[in-house]
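S.K.: Line order of the protein sequences matches chains P and C. Quick note on numbering: the first sequence equals residues 1 to 260 in the working numbering. Quick note on numbering: the second sequence equals residues 261 to 546 in the working numbering. For each residue, glycine too, the CB sits at the ideal point set by N, CA and C. My questions will all concern the structure given below.
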Amino acid sequence: MATNNIERTAKQLVLTAQDYSLFAWRALMNLFSPPRYWPEYLVQSDIVGFGSASIVLLSGFFTGGVLALQSAATLSQFGATAVTGQFVSITMIRELGPVLTGIMVAGRNASSMASELGSMVVTEQIDAMRALGVDPMRKLVTPRIFACISMLFFLTIVADAFGILGGGFVTVFLNHQDGTQYFSKAWESLRYPDIIQGLVKPLFSGYIIASVGCFYGMRTTGGTQGVGRSTIQAVVNASVSIILVDFLVTRVLLALFPPL
Amino acid sequence: MSEPPASVQPDSVESSKGTAPAPDVRPVVVFRNVSIAFDDKPVLEDVSFSVAPGETRILLGPAGVGKSVLLKLVNGLLRPDQGSIQLFGQEIANMPEAQLFPMRTRTGMVFQEGALFDSLTVRDNVGYQLISERVPDDEIDARVHEALRFVELDDTFALYPASLSGGMRRRVAIARALIHQPELLLYDSPTGGLDPVTSTTIIELVMKERDVYRTPSLMVTHRLQDAFILCTHRFDEDQGCMVPLPQGVTNPDTTFLMLEEGRLIFDGSLHELLHTENKFVREFLE
């Protein structure tokens, strides 16, 4: 009995992975052939980009602040509080900015995509769209993926900027250190590979958020309960995948651009 | 039960025949030995039937026997595990999804609960297909008004589906299905869950489409009274409403299919339905 359960679960996992791969590949390939729904892309960009700006801005600001608080306490033991700016900017730009932004946007948008598409599935709106001769993959999924990739890129820049600002705020007003020193160190220590690393990651995260959110939304079954289930699965799987892919991308980029 | 009515051509149908060139008699839909299962549980088994041009087929059966699944197989929303499905003479059982989209635009489908897009106005719902085809706005407005007049809901043009009653939503769904002048209509329980008065209004619209435009259709229902009204009435364009056919006369182009646990157990006219010896059909009718 237990063996049967393990076998069934394993098969289910493999099948889900296969379905997701085909789904994500098809959604991506739709970018390169007509018809393209640009108005849908703009609407989704507004929802993902402008709609998530406030949470990204706040989480970036306070994360930068916490980094400055924590690092100053440790660095002071070595008389190295002057490098707080360097520590905050490199950590925010290379790692925390992209990952935190990805997870915040996943929490907000992967869930909304899964629940919106899931509701459309259970009320037969997706079938109605197909019956009217419109491909829901092109009309609903591809614009969301394209919007999420492009908006996450800019949101990460916003998070990085506000993270450094937050660190600066804490450095000047709570740690009572020199602001000019903080910002000049933050700027001087940055290298192009740091920026490339920070801006490549959101491209992957954006793709993961939208494709996972839409995938679970489009395979919703079981009425309103099913919509809730899809929403949870979308957020959990998108968040875990972002961290996993972040690890892999970091490993590859560190190999390509070794630290000095 | 009263004496079964004879299958006689009603006046409105007779007038369409005569010296006109021979119509295309190839079936619009052909099912041959179609089977489908979900999670290893058979839903339809070895189903075969056809829909001829101008024919209205009423699919009867209790809830959960696979009526809606059968309807979704007709326009390729679902794929059969076995068998052949021909739509407008083309085999669609294994047709790629991309090729099915243009085929589906030739059909109109009314879903069980209407399946209107919540975030769009009635205008955008009804004109959805035209908007997708980038038809000019003026033409979309004119055609949406025309479709809404057909279902007598012209005043809902700018409203959202949430502000419509259940019956109005079904009528808007019918308008959406009709706007592209489909060559086949699929109705999935269009009167399910509606009060008798609203149900009659919906059936009158189905009849109007059948008798005025002669569009072939496949209608799923479990309400016998709706099916019998369709057989025993015709739509009078002059009066703008349905009128009963003379005593003993039924519409010969309106015929019945019946499913029992995924198997097609009846295919025939109203007369044959009322005189069948099949125990399940008799129990269903009673």
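Shorter than 8 Å from the beta carbon of E469 (chain C) to some beta carbon of chain P?
M.R.: So, not an interface residue.
S.K.: What do you get for M29 (chain P), buried or exposed, if any count of 16 or more other CB atoms within 10 angstroms of its CB means buried?
M.R.: By the neighbour-count rule (16 or more Cβ atoms within 10 Å), M29 (chain P) is not buried but exposed.
S.K.: For V252 (chain P) and R229 (chain P), I'd like the C-alpha separation in whole angstroms.
M.R.: 34 Å
S.K.: If you draw a straight line from the C-alpha of H535 (chain C) to the C-alpha of F215 (chain P), how long is it?
M.R.: 51 Å
S.K.: Whose Cβ in chain C lies nearer than 8 Å to the Cβ of Q77 (chain P)?
M.R.: Going along chain C, no residue has its Cβ under 8 Å from Q77 (chain P), so there is no contact; the nearest lies around 57 Å.
S.K.: Using beta carbons (cut-off 8 Å, strictly below), is N354 (chain C) in contact with chain P?
M.R.: no
S.K.: Along the chain, where does the beta strand (DSSP E) containing P302 (chain C) start, and where does it finish?
M.R.: Where P302 (chain C) is concerned, the enclosing beta strand (DSSP E) stretches over K301 to V311.
S.K.: For N109 (chain P), count neighbouring C-beta atoms within 10 Å of its own C-beta (all shown protein chains included) and say buried if the count is 16 or more, exposed if not.
M.R.: Result: buried.
S.K.: Between the region 76-95 of chain P and the region 180-191 of chain P, are three or more C-beta pairs nearer than 8 Å?
M.R.: yes
S.K.: As a quick exercise: from C:V290, C:F298 and C:Y420, pick the residue whose alpha carbon is nearest that of T221 (chain P).
M.R.: C:F298
S.K.: From the DSSP output, in three-state form, read off R292 (chain C) for me.
M.R.: Shown here, R292 (chain C) sits in a strand according to DSSP, grouped into three states.
S.K.: Look at the alpha carbon of E315 (chain C) and the alpha carbon of R523 (chain C), and state the distance between them as a whole number of angstroms.
M.R.: Approximately 22 Å between the Cα atoms of the pair.
S.K.: The beta strand (DSSP E) spanning L319 (chain C) covers which residue range?
M.R.: T316 to L320
S.K.: If the cut is a Cβ gap below 7 Å, which residues of chain C does T123 (chain P) touch?
M.R.: E373 and A375
S.K.: Under 6 Å Cβ to Cβ from T416 (chain C), same chain only, skipping five residues before and after it: list those, please.
M.R.: V382
S.K.: For the region 445-454 of chain C against the region 408-424 of chain C, do three or more pairs of beta-carbon atoms, one drawn from each stretch, fall closer than 8 Å, so that the two count as touching?
M.R.: With contact defined as three or more Cβ pairs closer than 8 Å, the region 445-454 of chain C and the region 408-424 of chain C are not in contact.
S.K.: For the region 125-138 of chain P against the region 193-203 of chain P, are there 3 or more C-beta pairs whose distance is under 8 Å?
M.R.: no
S.K.: With H, G and I counted as helix, E and B as strand and the rest as coil, what does DSSP make of L524 (chain C)?
M.R.: strand
S.K.: In chain P, which residues lie with their C-beta within 8 Å of the C-beta of Y350 (chain C)?
M.R.: In the sequence under discussion, the amino acid at residue 350 (chain C) is Gln, which differs from the Tyr named in the question. The premise fails here: Q350 (chain C) is roughly 15 Å from chain P at the closest Cβ pair, so nothing lies under 8 Å.
S.K.: Counting C-beta neighbours from all protein chains within 10 Å, is the total for T224 (chain P) 16 or more, i.e. buried, or is it exposed?
M.R.: exposed
S.K.: How would you write the range of the alpha helix (DSSP H) that I242 (chain P) sits in, first residue to last?
M.R.: G223 to L256
S.K.: Can a CB atom of chain P be found closer than 8 Å to the CB of R339 (chain C)?
M.R.: No, no contact with chain P.
S.K.: Report all residues from its chain with a CB closer than 6 Å to the CB of I462 (chain C); omit the five preceding and five following residues, and keep chain order.
M.R.: R430, P450 and T451
S.K.: Quick one: measure Cβ to Cβ for I439 (chain C) and Q389 (chain C), integer angstroms, because I've assumed they're closer than 8 Å.
M.R.: About 7 Å separates the beta carbon of I439 (chain C) from that of Q389 (chain C), a gap short enough to meet the 8 Å contact definition.
S.K.: To the nearest angstrom, how far is it from the Cα of V105 (chain P) to the Cα of A114 (chain P)?
M.R.: 13 Å
S.K.: Of all the CB atoms in chain C, is at least one closer than 8 Å to the CB of D46 (chain P)?
M.R.: Chain C, which has no Cβ nearer than 8 Å to the Cβ of D46 (chain P), makes this no.
S.K.: Along chain C, which residues have their Cβ under 8 Å away from the Cβ of G133 (chain P)?
M.R.: Using a Cβ-Cβ cut-off of 8 Å, G133 (chain P) is close to F361, P362, R364, T365, Q389 and S392 of chain C, given in chain order.
S.K.: Just grab the DSSP bridge partners of C501 (chain C) for me.
M.R.: C:D496
S.K.: To the nearest angstrom, how far is it from the Cα of R36 (chain P) to the Cα of G508 (chain C)?
M.R.: 56 Å
S.K.: Using three-state DSSP, classify E262 (chain P) as helix, strand or coil.
M.R.: One cannot answer for residue 262 (chain P) here, as it falls past the ends of chain P, which runs 1 to 260.
S.K.: Give the interface partners of M479 (chain C) over in chain P, defined as CB-CB distance under 9 Å, in chain order.
M.R.: The premise fails here: M479 (chain C) is roughly 15 Å from chain P at the closest Cβ pair, so nothing lies under 9 Å.
S.K.: Near G349 (chain C), what residues of its chain come up, given a Cβ to Cβ distance below 7 Å and the 5 sequence neighbours on each side ignored?
M.R.: R286
S.K.: Considering only DSSP beta bridges, list what G368 (chain C) is partnered with.
M.R.: In the DSSP output, where bridge partners are listed per residue, G368 (chain C) has C:L445.
S.K.: CB S52 (chain P) to CB L155 (chain P), shorter than 8 Å?
M.R.: yes
S.K.: With distances taken Cα to Cα, identify the nearest neighbour of A358 (chain C) among C:L337, C:G343 and C:F377.
M.R.: C:L337
S.K.: Along chain P, which residues have their Cβ under 9 Å away from the Cβ of M369 (chain C)?
M.R.: D127, A128, A131 and L132
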